[in-house]
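Protein chains in written order, with the working numbering: chain A, 1 to 305; chain B, 1 to 305.
Where is the CB? At the ideal position from N, CA and C, for every residue including glycine.
Quick caveat: nothing in here was measured; it's all calculated off a predicted structure.
Working notes, structure below.
Protein chains: 2
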Amino acid sequence: MEPFKVHVLGCGSAKPTTRHFASSQVVEIRGRLFLVDCAEATQVQLRRAKCRFSKLSHIFISHLHGDHCLGLVGLISSFGMTGRTAPMHVYAPAQFDDILHRMLDFFCGGLEFPVVFHPVDTNCHKVVFEDKCVSVKSLPLEHRVPCCGYLFEEKPTLPHIRRDMVDFHQIPVWQLNNIKNGEDGVAPDGRVVPQAELVSPPDPVRAYAYCSDTRYMPSLHKMIMGVNLLYHESTYDSTYQELANKYFHSTAAEAARVARDANAGHLLIGHYSARYDDESVLLSEAQAVFPYVTLAQEGLVVDVE
Amino acid sequence: MEPFKVHVLGCGSAKPTTRHFASSQVVEIRGRLFLVDCAEATQVQLRRAKCRFSKLSHIFISHLHGDHCLGLVGLISSFGMTGRTAPMHVYAPAQFDDILHRMLDFFCGGLEFPVVFHPVDTNCHKVVFEDKCVSVKSLPLEHRVPCCGYLFEEKPTLPHIRRDMVDFHQIPVWQLNNIKNGEDGVAPDGRVVPQAELVSPPDPVRAYAYCSDTRYMPSLHKMIMGVNLLYHESTYDSTYQELANKYFHSTAAEAARVARDANAGHLLIGHYSARYDDESVLLSEAQAVFPYVTLAQEGLVVDVE
Chain A
1 MEPFKVHVLG CGSAKPTTRH FASSQVVEIR GRLFLVDCAE ATQVQLRRAK CRFSKLSHIF
61 ISHLHGDHCL GLVGLISSFG MTGRTAPMHV YAPAQFDDIL HRMLDFFCGG LEFPVVFHPV
121 DTNCHKVVFE DKCVSVKSLP LEHRVPCCGY LFEEKPTLPH IRRDMVDFHQ IPVWQLNNIK
181 NGEDGVAPDG RVVPQAELVS PPDPVRAYAY CSDTRYMPSL HKMIMGVNLL YHESTYDSTY
241 QELANKYFHS TAAEAARVAR DANAGHLLIG HYSARYDDES VLLSEAQAVF PYVTLAQEGL
301 VVDVE
Chain B
1 MEPFKVHVLG CGSAKPTTRH FASSQVVEIR GRLFLVDCAE ATQVQLRRAK CRFSKLSHIF
61 ISHLHGDHCL GLVGLISSFG MTGRTAPMHV YAPAQFDDIL HRMLDFFCGG LEFPVVFHPV
121 DTNCHKVVFE DKCVSVKSLP LEHRVPCCGY LFEEKPTLPH IRRDMVDFHQ IPVWQLNNIK
181 NGEDGVAPDG RVVPQAELVS PPDPVRAYAY CSDTRYMPSL HKMIMGVNLL YHESTYDSTY
241 QELANKYFHS TAAEAARVAR DANAGHLLIG HYSARYDDES VLLSEAQAVF PYVTLAQEGL
301 VVDVE
């Protein structure tokens, strides 16, 4: 299977700590890189993750708090120093358009590539980007400002040719692409061999949901049923339930409830409050509800499978 | 002597690397903290340097390239989460005023302290800030955009009371403060004891000059004669002299020439081009001109003495 990975660049929350950068991830799908959120120092973290700048053309911003987007102008400025000419697409709540372009005009004069802004309606669950391999859908979340997560779904691939059956029936090579695309095979003696005999099923499609920042949403799982990997913010443990409610954040138990109800394959938690020197309390709390949990940390790479 | 230190928070240049953050330093003088430049992730680096946010009220920006100021809005936003009410003073080229306030309005709503902007004329060498302990002067530099360095000078302190002589003459304690301030002492028997007999000289005043970014300026040393510590950018070694000229940066040899001509006590170099995996070539080149050189690196603390 081709790679589908999540690189954690930063998983802290807004208050700075010595242990975490603020939110940013790279979603790598079949050689494409998608950036999700872009806190300060994302450009440094991208370097550390050995992600090639040139493969990144789409940036998705969940909401307009500084700890999710204040690295964007610096990143784009640095892209301008790499000789880039390919457009950079930025998907974010519509309110970002004006200030983003003012900042780009001020700090990024002379860019040789366009920055294309795509306003995202954070109230809608719908496709905001797609190409032949992947679609990205918005996931309405409930935070103090307009906010959405993003659901990355692979598109179905073609079935695999069964080398043994193709050899057995002596099917000519020139037919293989047509067979992958649904046609039957024809043997040299004119016999028609049904496509189903010549192929094995395609790889299962995989999906990743990024959900930060949000209060607990009892119905969120319905939009992300069966995702292989769910990132859900876990700012607090349950002893701070009141703070979670007040600031529209989630506890680790609530994140795990969403993963359980969505029948997710695995849960990745992050967006840790600065109060934790050690997030194992969050891990334990989540695992009591849903067993397959990993704590995000900078440099972590998680396979979506 | 009371502390006078420079904390290096970041010493890379604009292109991101895995080894350096972009420019930012804290100048610590007698318990006050002054921030000089504020690249992305300065707030994280401040935490790592264990600098107390509450002691920082004055931020000096050399110029408006992103690698010197794109951490400011995030830093101010985080100050807003600490319960701060004391004003934050920002000194920067005048062109920053409009975009800074637009960014603050967008990203830092509800701040409970004022951000006071002080435009700095980068063509003038003059005092831009002073209090009873320190003065900060602008240092006109020559870069691709308006740019100035900053010269931090201690103000003279009072002389030290000579405990031995005070005891010998039995000078009453209540006179000591007056004696420090220039008055003669009067012994219990009415004898006048000249002030000069009762005090030893005050600590020498110390000075630190921050010079980034600039091309080599043959006359720069005249503004910073005798500084104890000079930070001067050294983006390149001399094999890249043409790039230095083109982009208005300096080589290590040029930085060392300024230090030598200024009769500086020590030279700190930084703002390294991303092409260096190891800056020892810059150190060697500088030391061939001026012997007392240190390579800046994140976390380094240099005493000004």
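Check, Outcome
"Would you say A:LYS15 reaches chain B, if we count a Cβ-Cβ gap shorter than 8 Å as a contact?", "yes"
"Per DSSP, which one or two residues make a beta bridge with A:SER200?", "A:HIS160"
"Would you list the one or two residues that DSSP bridges to B:LYS5?", "B:GLU28, B:ASP303"
"Alpha carbons only, please: which of B:GLU254, B:ASP237, B:SER219 is nearest the one belonging to B:TYR272?", "B:ASP237"
"Nearest-angstrom Cα distance between B:HIS101 and B:PHE107?", "10 Å"
"Which chain A residues are close to B:PHE354, counting only those with a beta carbon under 8 Å from its beta carbon?", "This structure leaves residue 354 of chain B out entirely; chain B is present only between 1 and 305."
"First and last residue of the beta strand (DSSP E) that includes A:ILE269?", "266-270"
"When DSSP labels each residue in this structure, what does A:LEU139 get in the three-state scheme?", "strand"
"Taking only the alpha-carbon atoms, compute the straight-line gap between A:PHE290 and B:LYS5 and give it to the nearest angstrom.", "50 Å"
"Is B:GLY74 helix, strand or coil by DSSP?", "helix"
"Output, in chain order, the set of chain A residues within a Cβ distance shorter than 8 Å of B:ARG102.", "ILE99, ARG102"
"Assuming B:GLY12 and B:ALA22 are in contact, meaning their beta carbons sit under 8 Å apart, how far apart are those beta carbons, in whole angstroms?", "5 Å"
"Is B:TYR240 helix, strand or coil by DSSP?", "helix"
"Looking at the unbroken beta strand (DSSP E) that takes in B:GLU233, where does it start and where does it end?", "229-233"
"Look up A:LEU111 in the DSSP assignment and say whether it is helix, strand or coil.", "coil"
"Classify B:GLY328: buried if its beta carbon has 16 or more other beta carbons within 10 angstroms, exposed otherwise.", "It is not possible to answer for residue 328 of chain B, since the shown part of chain B is limited to 1 through 305."
"Which residues in chain A sit within 9 Å of B:SER24, going by Cβ to Cβ distance?", "Simply none; closest approach about 12 Å."
"Compute every distance between the C-beta of B:VAL281 and the non-hydrogen atoms of the ligand GDP, then say whether any falls below 7 Å.", "Although the ligand GDP was asked about, the structure shown includes no ligands whatsoever."
"What in chain A is Cβ-close to B:GLY83, meaning under 7 Å?", "Simply none; closest approach about 12 Å."
"Check whether chain B comes within 8 Å of A:VAL73, counting only Cβ atoms and requiring the distance to be less than that.", "yes"
"Going by the CB atoms, is the gap between B:PHE96 and B:LEU70 shorter than 8 Å?", "no"
"Give me the DSSP bridge partner(s) of B:ASP148.", "At residue 148 of chain B the sequence reads Cys, which differs from the Asp that was named. DSSP, once it has assigned bridges, lists B:PRO140 as partnering B:CYS148."
"Does the separation of the CB atoms of A:TYR240 and A:GLY265 fall below 8 Å?", "no"
"Using the Cα positions of A:ARG206 and A:MET1, report the straight-line distance between them to the nearest angstrom.", "10 Å"
"Could you pull the start and end residues of the alpha helix (DSSP H) that A:HIS68 belongs to?", "66-69"
"Determine the closest residue to B:PRO156 out of B:PRO3, B:CYS147, B:ASP67, B:VAL134, with distance taken between C-alpha atoms.", "B:VAL134"
"Could you list which residues in chain B have their beta carbon closer than 8 Å to that of A:SER212, in chain order?", "Going along chain B, no residue has its Cβ under 8 Å from A:SER212, so there is no contact; the nearest lies around 17 Å."
"Interface residues of chain B around A:ARG47 at Cβ under 8 Å?", "PRO16, THR17, THR18"
"Would B:ALA286 and B:SER219 be called neighbours here (beta carbons separated by less than 8 Å)?", "no"
"Going along the chain, which residues of its own chain have a beta-carbon closer than 8 Å to the beta-carbon of A:GLN45, five neighbours each way excluded?", "LEU9, GLY10, PHE21, SER24, GLU298"
"Could you please tell me which residues of the region 51-67 of chain A, in chain order, have their CB closer than 7 Å to any CB of chain B?", "GLY66"
"Taking only beta-carbon positions, decide if B:PHE352 is within less than 8 Å of chain A.", "Past the boundaries of the shown model lies residue 352 of chain B; chain B is included only from 1 to 305, so the question cannot be answered."
"For the alpha helix (DSSP H) that contains B:ILE179, what are its first and last residues?", "176-180"
"Residues of chain A with CB closer than 9 Å to the CB of B:PHE107, please, in chain order.", "LEU64, HIS65, GLY66, CYS69, LEU70, ILE99"
"Based on DSSP bridge pairs, tell me the residues matched to B:MET88.", "B:VAL115"
"When you compare only the Cα positions, how much space is there between A:TYR231 and A:VAL145?", "20 Å"
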